[in-house]
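In terms of our numbering, the first sequence opens at residue 1050 and continues consecutively. Every residue gets a Cβ at the ideal spot worked out from N, C-alpha and C, and that includes glycine. No experiment lies behind these values; they were computed from the predicted model shown.
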Amino acid sequence: MDRGHGMSLPSLLDIYNILLDFHGEQNWWPIVKNGVSLYLPEYATRERTPEEILEIWIGAILTQNTAWKNVEKAITNLKTHIALSPSEILHYPQNELAELIRPAGYYTQKAKKLHASMHFIENTLSGNILRLKTFPLAQARTHLLSLWGIGPETADSILLYGYRFPTFVIDAYTRRILLSLGFSEAALSYHEFQAYFQKTLPSDAHLYEEYHALFVAQGKHCKTKEGCIHCPLSPWCTTHKR
DNA sequence: CGCCAGGTTGTTG
DNA sequence: CAACAACATGGC
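Now the structure itself:
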């Protein structure tokens, strides 16, 4: 076996199945209850409630460049001090909101980001968060991207995990992992990289949800030496420690 | 103790 | 358009 070079590139579906076999179902996105993040299969299959969509929206902003553990604390703080609704959050002073989400880091900016999003839900969506689902995907995405504090990854996370629009989330892990396997596509722009996934894979929200979550699980796995040694992708990985 | 998390925005060349 | 700084806490 000429492991390391010469092993041809696996398909995206191959990689998905390998990661799924190794890490199991991820059941993203979690809902926080009593200070604990719940990854339940139930949440991954049925339609989201408006309350869940809002929590996912907020969580997607709070987790920007931040460990989920910190976001968990921030969401718990929010839930114990405010009723989690767009109007409640909007009428809460931004500096006090910032204090509640302090554990999530960048708290001044994130408070401002939350307000911008809540303002959009209250006004453009008339307070009805489900209304975004009535737009075509491209239009809903453009709306989100126009908001201060929402970039492509956050927009796609909200659309995919909240509304179950079939849009693929690209993040640093996704790029890093595919780059280590020799995919030149990993160097493309966010939009091009996403297009590559979406034209290669069937348009299936559940597949996209699990796949992105698996990339994150794998990305964390790659960080430890032990993880690297026992890696399901080692036959193809050019960075593998052997 | 240093590094870095489930990024985005604003500034500069 | 690419490169870079700023934004900040907490876990490992």
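Check, Outcome
"Among 1114, 1116, 1119, 1150, which has the Cα closest to the Cα of residue 1127?", "1150"
"Kindly list the residues whose CB is nearer than 6 Å to the CB of residue 1265, restricted to its own chain and excluding five residues on each side of it in sequence; keep chain order.", "1222"
"What does residue 1086 pair with, by DSSP beta-bridge criteria?", "1081"
"Where does residue 1111 land, buried or exposed, given buried means 16+ other C-beta within 10 angstroms?", "buried"
"What does a CB cutoff of less than 7 Å around residue 1249 pick up in its chain, not counting 5 residues either side in sequence?", "1061"
"Between the Cα of residue 1170 and the Cα atoms of 1148, 1091, 1103, 1215, which residue gives the shortest distance?", "1103"
"Compute the Euclidean distance between the alpha carbons of residue 1197 and residue 1263, then round it to the nearest angstrom.", "29 Å"
"Decide if residue 1064 is buried, meaning its Cβ has at least 16 other Cβ atoms within 10 Å, or exposed.", "buried"
"Among 1161, 1184, 1215, which residue has its Cα nearest to the Cα of residue 1199?", "1161"
"Please classify residue 1159: does DSSP put it in a helix, a strand, or coil?", "helix"
"Can you give me the C-alpha to C-alpha distance between residue 1120 and residue 1278, rounded to a whole angstrom?", "30 Å"
"Spell out a yes or no on whether the region 1237-1246 and the region 1275-1289 are touching, meaning 3 or more CB-CB pairs, one atom from each, closer than 8 Å.", "no"
"Buried or exposed, going by whether 16 or more other CB atoms sit within 10 Å of the CB of residue 1272?", "exposed"
"CA-CA distance, residue 1275 and residue 1168?", "46 Å"
"In the structure shown, what three-state DSSP assignment does residue 1212 receive?", "coil"
"In terms of residue numbering, what span does the alpha helix (DSSP H) encompassing residue 1177 cover?", "Where residue 1177 is concerned, there is no enclosing alpha helix (DSSP H), given that its DSSP letter is neither H nor E."
"Counting C-beta neighbours from all protein chains within 10 Å, is the total for residue 1280 16 or more, i.e. buried, or is it exposed?", "buried"
"Please confirm if the region 1130-1141 is in contact with the region 1070-1089, defined as three or more CB-CB distances below 8 Å between the two stretches.", "no"
"Taking only the alpha-carbon atoms, compute the straight-line gap between residue 1100 and residue 1134 and give it to the nearest angstrom.", "8 Å"
"Identify every run of the alpha helix (DSSP H) within the region 1097-1163, keeping only runs that are complete inside it and at least 4 residues long; order them along the chain.", "1099-1111, 1117-1130, 1135-1139, 1143-1149"
"CB-CB under 6 Å to residue 1109, same chain, minus the five flanking residues each way: which ones, in chain order?", "1203, 1206, 1207"
"With residue 1075 as the anchor, note down where its alpha helix (DSSP H) starts and where it stops.", "No alpha helix (DSSP H) contains residue 1075, which DSSP labels as neither H nor E."
"Can you give me the C-alpha to C-alpha distance between residue 1210 and residue 1185, rounded to a whole angstrom?", "16 Å"
"Do residue 1247 and residue 1068 have their CB atoms nearer than 8 Å?", "no"
"When the Cα atoms are used, what is the spatial distance from residue 1201 to residue 1217?", "10 Å"
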